[in-house]
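Below: one structure, written as structure tokens.
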Amino acid sequence: MNRLWLHRSMAGVLLAGTLSAPAAFAATENPSTAASKHAMSQDPLHDALLDALYATFGHHPGFRVTHAKGVLVRGTFTASHAAAALTRAAHLQGSVVPVLLRFSNFSGVPATADGDPMASPHGLALRFTLPDGASTDIVAHSFNGFPVATPEDFLRFLQGIAANVAVPSDPLPLQAFLADHPRAQQFLETPKPAPRSYASAEYFGVNALVFSDRQGTDRVGRYRIEPLLAEPALSDEQAASMPADYLQDDIGARLTQGAVKLRLLVQLAAPGDAIEDGSIPWSRSHQEIELGILTLDARMPAEEQALAQKRLAFSPGRLLDGIKPSRDPMIQARDAIYQRAVLRRQQP
Ligand code: HEM
């Protein structure tokens, strides 16, 4: 088990979680187009998951319970011809679409340093906004997979970690869980090195979606986002010596020198792939379709960042016609959980 990630960092997070950041309530938008069509989730599992995340990271009013520290960047997206052949979704038909990107650290503690092991996997949330006001999101992170396949298992995993890092520690629930869930064990053991830049990391959508073309043909795929110019990640020693905000500062500095580009792709499922299980990465030799290029133009001005981040509510379930959840249960579960999370992060 990666004791550095689990023990030093989670213990640090638990301690840091007892300190609260200043509250600044802001009206927040409806989390998801899909969600706004439905009643708010009453599923006790969703609240239990949020309770477990709050138990891990503490309550920092106004901040997300995970991925608390983030930075917003404005840009545009230009779709490829191949995108329009894969899906009829309006943002992928070729015209240039404004995008808002939120790069983030995994930790739910806003003060977590960018080079801390708990800052990885880093997050990338994307919002495409169409001229008619419709919008759609991608919520991805810098790890090809997830510890578990279902929200139920995620709850047991989080509860096991909480017991393991509690004082006195009870390692048995986590040990029992990991014995039955080798991919959770693999997630803990796999190094997650700090990137040199938010713009040089690779991001994965993890949960499969169904892409439908104009003729009604469906294809299943997962998002992947890669930098046009890859750069090696930092060593653990380098990451530990970086300033606390080096990733935020870096993206601002890069964008004052010129635009930064990322490539958006869909990795298509091959026969036999576990569509319903985001904890299993698909082979990197699978067919991929390049959906287009994200051009990052400017970091949002500092004075607008905090309020905008509080108001924004990204969700992997905010989808437009032409893209829908697959039989992977996580898109719909995450959509419902993020809705509740938005309400809870507004509470003082
Ligand atoms: C059952 C599984 C999961 C749960 C319970 C969960 C829970 C959450 C919650 C509660 C938030 C905060 C939402 C808000 O307040 O706006 C969040 C944000 C986020 N999650 Fe998840 N998550 C799960 C799976 C995933 C997966 C698979 C990924 C990566 C593909 C992911 C990536 C992110 C990112 C990047 C954010 C930050 C979004 C932003 O910038 O607003 N999560 N998650």
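Residue numbering for the sequence shown is 0 to 347, as defined by numbering that gives the first Met the number 0.
Glycine included, every Cβ here is placed at the ideal spot set by N, Cα and C.
Check: residue i C-beta below 8 Å from any heavy atom of ligand 1
| i | result |
| --- | --- |
| I336 | yes |
| N163 | no |
| H349 | In the structure as shown, the chain begins at 0 and stops at 347. Residue 349 is therefore absent and cannot be evaluated. |
| R63 | yes |
| M117 | no |
| R333 | yes |
| M241 | no |
| A124 | yes |
| A312 | yes |
| P150 | yes |
| H140 | yes |
Which residues DSSP lists as bridging residue i, in chain order
| i | result |
| --- | --- |
| D136 | R126 |
| V147 | According to DSSP, V147 bridges with nothing at all. |
| I274 | Beta-bridge pairing links I274 to no other residue. |
| T77 | I292 |
| P43 | Looking at the DSSP assignment, P43 forms no beta bridge with any residue, so it has no partner. |
| E225 | R262 |
| R218 | F210 |
As assigned by DSSP and simplified to three states, the class of residue i
| i | result |
| --- | --- |
| D169 | coil |
| T55 | helix |
| E230 | coil |
| I279 | coil |
| P97 | strand |
| L208 | strand |
| V70 | strand |
| R298 | strand |
| F313 | coil |
| A340 | helix |
Beta-carbon proximity check, residue i vs residue j, cutoff 9 Å
| i | j | result |
| --- | --- | --- |
| D272 | L85 | no |
| R339 | D113 | no |
| A193 | A232 | yes |
| K309 | G61 | yes |
| S103 | A124 | yes |
| F56 | S106 | yes |
| D296 | L254 | yes |
| L173 | F156 | yes |
| R283 | L227 | no |
Contacts around residue i, its chain only, beta-carbon distance under 7 Å, and the 5 residues preceding and following it disregarded
| i | result |
| --- | --- |
| L348 | Only positions 0 to 347 of the chain appear in the structure, and residue 348 is not among them; the question remains open. |
| L129 | A89, H90 and V96 |
| A54 | A161 |
| M119 | Correcting the residue type first, residue 119 is Ser in the shown sequence and not Met. Excluding positions up to five away in sequence, the list reads F105, S141, K191 and A193. |
Cβ neighbours of residue i in the same chain (closer than 6 Å, five flanking residues each side left out)
| i | result |
| --- | --- |
| L342 | none |
| E275 | R326 and D327 |
| V209 | D217, V219, K323 and S325 |
| M329 | N206 and G277 |
| G215 | none |
| F203 | A139, N143 and R223 |
| L246 | D113 and Y197 |
Own chain partners of residue i with C-beta closer than 8 Å, once the 5 adjacent residues on each side are dropped
| i | result |
| --- | --- |
| F186 | F142, G144, F145, P146 and S278 |
| T75 | V95, V96, P97, V98, L293, T294 and D296 |
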